Every structure is written in structure tokens, then in C-alpha cells.
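Reviewing the structure listed below.
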Amino acid sequence: MPDLTLRGCRILVAEDEYMIADEFCLELEEAGAVVVGPVATVEDTLSKITAAPKLNGAVLDVNLGGKMSFAAADRLMKNGTPFIFTTGYDTSVIPARFNHIERCEKPVSIAKVVRAIRRAMHGI
């Protein structure tokens with residue numbers, strides 16, 4: 015049976031709302047993940063993706079500081095890093111190339127985000 019936990023997994027958190035980012039980080043750490051970030055801008059997200067040793071996954075807010083985070087999503091896809099989107103936006107805002115990426119609509123339960131990133135990382 016494969017290990018479906020987040021223990022030791024390096025997960026990037028890109029979220030510009032401090033309280034939400036803090037909750038994501040705490041919940042992911044409780045699940046055993048090593049949190050990278052949180053970061054609140056697209057530029058910082060791209061820097062973390064480039065600078066961080068191998069990322070196992072990412073939680074990516076669609077809108078970071080007023081900018082859409084699709085450049086970061088493209089970089090994650092190019093690197094083969096599983097990720098999920100969190101957003102308050104309608105599906106129509108997200109480009110079709112991301113149709114296969116799980117999207118957690120805000121307001122979202124933190125536990126749902128942890129389950130979604132676990133599914134993305136383990137292909138379930």
C-alpha cells in the first residue's frame with residue numbers, strides 16, 4: 015500500500031490573504047508536510063519555484079496581489095509539480111490548459127485543501 019500521507023513532502027503555499035495562508039500552513043504542517051512559504055505575490059511564487067529544492071506539491075491562489083498566477087501554474091506544470099488552485103473566481107476565468115487541475119472554491123475548508131493536494135500529489 016503506497017504512503018498517501020504528506021509526511022516530509024515539500025509543499026509551496028501561494029496565498030495573499032495572511033489569515034488563510036497561515037491556516038493552510040498550520041494544517042499542512044499538522045499533516046506532516048514541510049511548507050515552503052507562504053508567498054503572497056506571483057513574483058515571489060516564481061522565485062520560490064525556481065529556488066526551492068524539489069517541490070512535491072503546491073497550493074496556488076489564482077489571484078495573488080491583484081495578478082493572476084497562471085505563469086506560476088505554467089512553471090509548476092513544466093516542472094511536473096502537482097498543484098491545486100484556490101479561488102473565489104468562476105471556472106471561466108481559468109484557462110482551458112488547467113481544466114484538469116483541481117480547484118477549491120473560496121471560502122474553502124482548510125481540510126478540503128489538504129485532501130485536494132494529497133489527491134493531486136498521489137494521483138488519486
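According to the working numbering, the sequence shown holds residues 15 to 138 in order. Don't be surprised by glycine CBs; every beta carbon is placed ideally from N, CA and C. Computed from a predicted structure; not experimentally measured.
Checking the DSSP bridge columns, you'll see Asn77 partnered with Met82. Residues of the same chain with a CB within less than 7 Å of the CB of Ala47, apart from the 5 flanking positions on each side, are Leu20, Cys23 and Ile25 in chain order. For Leu26, the enclosing beta strand (DSSP E) covers residues Arg24 to Ala28. Looking at the DSSP output, Ile108 shares a beta bridge with no other residue.
Taking the Cα positions, Met33 is about 15 Å away from Val49.
Apart from the 5 residues on each side of it in sequence, Ile124 sits with its Cβ closer than 7 Å to the Cβ of Glu37, Phe38 and Glu41 in its chain, given in chain order. When secondary structure is reduced to three states using DSSP, Val50 falls in the strand class.
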